[in-house]
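There are 2 protein chains.
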Amino acid sequence: MADSKNPQECLIGVDLGGTKILAGVFDSQLQCLGRNKMSTKAERGADAVIERIARCVEEAIDECDLSRKQVRGVGVGTPGSVDPESGRVIFAANLHWEDVPLRKELERRLDMPVFVENDCNSSILGVYETELKAKPQHVIGLFLGTGIGGGLILNGKLYAGFRGTAGEVGHMVLEVGGPKCTCGNRGCFEALASRTAIFRKIQTAVKAGQKTVLTDLLGDDLNDMRSGDLLKAIRRGDKFVEKVVEEAAEYTGIAVANLINLFNPQVVVLGGGIIDALEDEMMAIIVETARDYAFPGSAKGVDIIATEVGDDAGILGAAVLVRKALLDAK
Amino acid sequence: MADSKNPQECLIGVDLGGTKILAGVFDSQLQCLGRNKMSTKAERGADAVIERIARCVEEAIDECDLSRKQVRGVGVGTPGSVDPESGRVIFAANLHWEDVPLRKELERRLDMPVFVENDCNSSILGVYETELKAKPQHVIGLFLGTGIGGGLILNGKLYAGFRGTAGEVGHMVLEVGGPKCTCGNRGCFEALASRTAIFRKIQTAVKAGQKTVLTDLLGDDLNDMRSGDLLKAIRRGDKFVEKVVEEAAEYTGIAVANLINLFNPQVVVLGGGIIDALEDEMMAIIVETARDYAFPGSAKGVDIIATEVGDDAGILGAAVLVRKALLDAK
Numbered sequence: 279m280a281d282s283k284n285p286q287e288c289l290i291g292v293d294l295g296g297t298k299i300l301a302g303v304f305d306s307q308l309q310c311l312g313r314n315k316m317s318t319k320a321e322r323g324a325d326a327v328i329e330r331i332a333r334c335v336e337e338a339i340d341e342c343d344l345s346r347k348q349v350r351g352v353g354v355g356t357p358g359s360v361d362p363e364s365g366r367v368i369f370a371a372n373l374h375w376e377d378v379p380l381r382k383e384l385e386r387r388l389d390m391p392v393f394v395e396n397d398c399n400s401s402i403l404g405v406y407e408t409e410l411k412a413k414p415q416h417v418i419g420l421f422l423g424t425g426i427g428g429g430l431i432l433n434g435k436l437y438a439g440f441r442g443t444a445g446e447v448g449h450m451v452l453e454v455g456g457p458k459c460t461c462g463n464r465g466c467f468e469a470l471a472s473r474t475a476i477f478r479k480i481q482t483a484v485k486a487g488q489k490t491v492l493t494d495l496l497g498d499d500l501n502d503m504r505s506g507d508l509l510k511a512i513r514r515g516d517k518f519v520e521k522v523v524e525e526a527a528e529y530t531g532i533a534v535a536n537l538i539n540l541f542n543p544q545v546v547v548l549g550g551g552i553i554d555a556l557e558d559e560m561m562a563i564i565v566e567t568a569r570d571y572a573f574p575g576s577a578k579g580v581d582i583i584a585t586e587v588g589d590d591a592g593i594l595g596a597a598v599l600v601r602k603a604l605l606d607a608k
Numbered sequence: 279m280a281d282s283k284n285p286q287e288c289l290i291g292v293d294l295g296g297t298k299i300l301a302g303v304f305d306s307q308l309q310c311l312g313r314n315k316m317s318t319k320a321e322r323g324a325d326a327v328i329e330r331i332a333r334c335v336e337e338a339i340d341e342c343d344l345s346r347k348q349v350r351g352v353g354v355g356t357p358g359s360v361d362p363e364s365g366r367v368i369f370a371a372n373l374h375w376e377d378v379p380l381r382k383e384l385e386r387r388l389d390m391p392v393f394v395e396n397d398c399n400s401s402i403l404g405v406y407e408t409e410l411k412a413k414p415q416h417v418i419g420l421f422l423g424t425g426i427g428g429g430l431i432l433n434g435k436l437y438a439g440f441r442g443t444a445g446e447v448g449h450m451v452l453e454v455g456g457p458k459c460t461c462g463n464r465g466c467f468e469a470l471a472s473r474t475a476i477f478r479k480i481q482t483a484v485k486a487g488q489k490t491v492l493t494d495l496l497g498d499d500l501n502d503m504r505s506g507d508l509l510k511a512i513r514r515g516d517k518f519v520e521k522v523v524e525e526a527a528e529y530t531g532i533a534v535a536n537l538i539n540l541f542n543p544q545v546v547v548l549g550g551g552i553i554d555a556l557e558d559e560m561m562a563i564i565v566e567t568a569r570d571y572a573f574p575g576s577a578k579g580v581d582i583i584a585t586e587v588g589d590d591a592g593i594l595g596a597a598v599l600v601r602k603a604l605l606d607a608k
């Protein structure tokens with residue numbers, strides 16, 4: 279039960295991913311009060327996943343000793359393209375969703391106001407509103423994890439384009455004829471610098487006889503390799519892993535330069551699991567390469583930074599969706 | 279002298295380039311009444327160039343049998359980054375200009391209102407307001423000539439970014455480690471598909487013994503090669519030139535796909551001397567490659583077209599600057 283003398287209000291932010299659902303409970307100052315995690319089980323279909331999101335949210339509230347009545351709203355950052363007005367997920371490849379009425383179905387189950395946005399859009403919005411205090415007018419967010427996604431703040435607002443799919447930075451071709459990407463093309467940024475790309479490069483080299491500390495840590499087949507394992511290997515002096523990570527950082531720097539040339543932003547923010555784990559190893563190379571490749575004049579005064587909120591960008595951004603919607607409604 | 283019973287008002291659009299100045303006289307319906315051309319003589323310095331722009335404008339007015347009093351204003355599309363508010367050219371590499379008060383100096387010489395914008399920005403604005411009737415909300419313009427430039431209409435307005443340099447599509451890296459670009463990097467779009475890139479490829483091959491109709495047309499050193507010569511060679515069955523132009527079209531298609539993935543626009547408009555001369559040879563390949571490379575969903579419903587205004591985009595866009603400024607002032 280809430281303290282009736284001080285009934286604390288809270289916002290829920292949900293980071294819906296292909297493998298896990300993360301729910302964070304935030305106070306009105308966007309301090310995180312607690313969080314809860316569940317597997318997504320996307321193979322069970324949209325209805326089952328929405329049911330799991332509802333359970334994940336309810337358990338997060340309960341875990342924080344709060345009541346449902348204290349919740350002002352639930353924000354959800356989801357992969358894929360979204361119509362934020364209706365809260366429908368138009369298409370999300372890794373969930374196998376097509377035209378799913380996420381907002382409506384979740385509101386029915388939770389009996390709370392729900393707001394839905396693309397996950398990279400809500401993540402950059404969260405970083406923008408909290409870490410950057412909504413000051414710069416033009417900000418590009420780049421999130422490096424299993425895949426690579428982006429979010430754009432232009433003229434102080436989320437920019438989503440004609441059908442809400444803008445910011446697909448992961449499929450920007452950087453190397454015509456380069457490595458195969460999951461999208462079917464070759465040489466996409468995602469095929470060069472995502473966790474998937476880095477792991478594939480390592481696994482291919484190991485199969486070809488490359489020695490690495492990683493096989494001592496994880497066994498010869500490198501099962502369950504995580505971003506943090508790369509850091510461990512580098513710290514133990516593994517020059518091979520260091521080189522692979524450096525190459526990913528160089529490609530990321532070139533991608534950042536392309537985005538600076540195209541958008542002339544004030545700030546480029548990098549986040550996601552790869553940056554979170556390897557910030558010290560990658561950021562200096564990313565910044566140097568970006569400044570080297572960006573057109574003279576375009577990079578002047580542009581900040582290239584790693585987000586301080588780390589992996590919390592997802593749930594924080596989703597909570598910011600709720601706060602923005604409530605403020606806009608006033 | 280103007281007909282006093284029907285004093286026609288006119289707008290002047292100036293397309294300032296590294297080698298030539300073009301001035302167009304337009305009526306209030308943006309029909310072109312006449313034009314005048316002068317060499318830029320950039321090596322004589324900014325003052326001399328501004329003096330030449332003024333002369334070019336005055337002769338264009340005189341040629342149309344109009345008087346100075348009938349001119350509502352002069353728009354100038356200039357290379358480089360511009361502060362449209364003050365009308366200063368902050369930096370223009372091919373003119374060797376740094377912080378030149380173009381608007382102020384030209385207004386002093388002409389005694390007419392002057393409006394200044396980056397040339398690609400004013401070109402896309404011209405196409406947007408006339409050809410596209412300002413209907414789509416998000417439009418990307420790509421201009422392929424000696425170099426490659428871009429202009430962005432986002433949410434119905436010119437987007438210029440933090441310091442007015444947004445839209446530098448020519449220096450988007452498409453092929454890490456590719457051919458050297460004038461900017462010092464390798465593999466920029468401009469180093470793969472501009473007139474300069476196409477000509478260099480042809481000249482290198484000819485030096486290495488490649489046979490082509492072009493040497494019959496222009497002599498062995500291929501001096502004074504122009505975009506139109508490529509068309510002539512292709513029409514005469516020159517498979518080598520056809521292949522080089524096709525490759526440039528493929529790179530352009532990949533660049534268009536990258537821009538569709540990033541901006542999710544409604545329309546991508548291509549223009550400039552290369553497209554003007556080789557539209558029939560290039561556009562089908564550009565469209566096919568772009569649709570092939572764009573992320574599923576992002577390219578849906580996006581029009582990829584060549585502008586109908588051709589090489590007039592520069593002077594027309596500059597005239598539109600004047601019309602917009604006068605309408606905004608009402």
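If you read the sequences in order, they're chains Y and A.
Heads up, the first sequence is in the numbering used here, so the first residue is 279 and it goes up one at a time.
Heads up, the second sequence is in the numbering used here, so the first residue is 279 and it goes up one at a time.
For each residue, glycine too, the CB sits at the ideal point set by N, CA and C.
Local conformation of residue i per DSSP, three classes
i               : result
V451 of chain A : strand
M503 of chain A : coil
N314 of chain A : strand
K382 of chain A : helix
C398 of chain A : helix
V392 of chain A : strand
K283 of chain A : Annotation note: pLDDT 41 at K283 of chain A (below 50); position unreliable, no value reported.
C466 of chain A : strand
C334 of chain Y : helix
Neighbour flag for residue i against chain A, beta carbons, 8 Å
i               : result
N539 of chain Y : yes
N399 of chain Y : no
Y406 of chain Y : no
N501 of chain Y : no
Option in the options with minimal Cα separation from residue i
i               : options                        : result
V451 of chain Y : A:G358, A:N539, A:Q481         : A:N539
T613 of chain Y : Y:C466, Y:L500, Y:A326, Y:N396 : Residue 613 of chain Y lies beyond the residue range present for chain Y, which begins at 279 and ends at 608; the question has no answer from this structure.
R322 of chain A : A:P543, A:F573, A:N372, A:G351 : A:N372
G465 of chain A : Y:E453, Y:K458, Y:F467         : Y:E453
V547 of chain Y : Y:V405, Y:L388, Y:Q286, Y:T318 : Y:V405
Q307 of chain Y : Y:K608, Y:A597, Y:A603         : Y:A597
T408 of chain A : A:D606, A:K608, A:R601         : A:R601
L436 of chain A : A:Y571, A:G506, A:P362         : A:P362
F304 of chain A : A:D606, A:V392, A:A338         : A:A338
G549 of chain Y : Y:F541, Y:T530, Y:N536         : Y:T530
G355 of chain A : A:L388, A:G302, A:M390         : A:G302
D293 of chain A : A:Q309, A:E287, A:K521, A:R313 : A:R313
R387 of chain A : A:A332, A:V417, A:G419         : A:A332
H416 of chain A : A:R366, A:F393, A:N542, A:M561 : A:N542
Neighbouring residues, chain A, relative to residue i (Cβ below 9 Å)
i               : result
F421 of chain Y : Simply none; closest approach about 15 Å.
Assigned exposure category for residue i - 16 Cβ within 10 Å defines buried
i               : result
G462 of chain A : exposed
T585 of chain Y : buried
S359 of chain A : buried
A320 of chain A : buried
R479 of chain Y : Checking the displayed sequence, the identity of residue 479 of chain Y turns out to be Lys instead of Arg. K479 of chain Y comes out buried.
V317 of chain Y : According to the sequence shown, residue 317 of chain Y is Ser rather than Val. Under this definition S317 of chain Y is an exposed residue.
S576 of chain Y : buried
N396 of chain A : buried
Interface residues of chain A facing residue i [CB-CB closer than 7 Å]
i               : result
S576 of chain Y : T443, E446
C459 of chain Y : Chain A residues near C459 of chain Y: none, gap ~10 Å exceeds 7 Å.
Y437 of chain Y : L432
Contact list for residue i against chain Y, beta-carbon separation under 8 Å
i               : result
N372 of chain A : Those do not exist, as N372 of chain A stays about 13 Å from chain Y at its closest Cβ, beyond 8 Å.
I610 of chain A : Outside the shown range of chain A (279 to 608) lies residue 610 of chain A, about which nothing can therefore be said.
is_contact[residue i, chain Y] using C-beta, thresh 8 Å
i               : result
C310 of chain A : no
V598 of chain A : no
G296 of chain A : no
A603 of chain A : no
P357 of chain A : no
D568 of chain A : Here residue 568 of chain A is Ala; the residue named in the question, Asp, does not match the sequence. Chain Y contact via Cβ: absent.
Q544 of chain A : yes
F440 of chain A : yes
K283 of chain A : Annotation note: pLDDT 41 at K283 of chain A (below 50); position unreliable, no value reported.
Proximal residues of chain Y, C-beta to C-beta of residue i below 7 Å
i               : result
N463 of chain A : Y571
N536 of chain A : M450, V451
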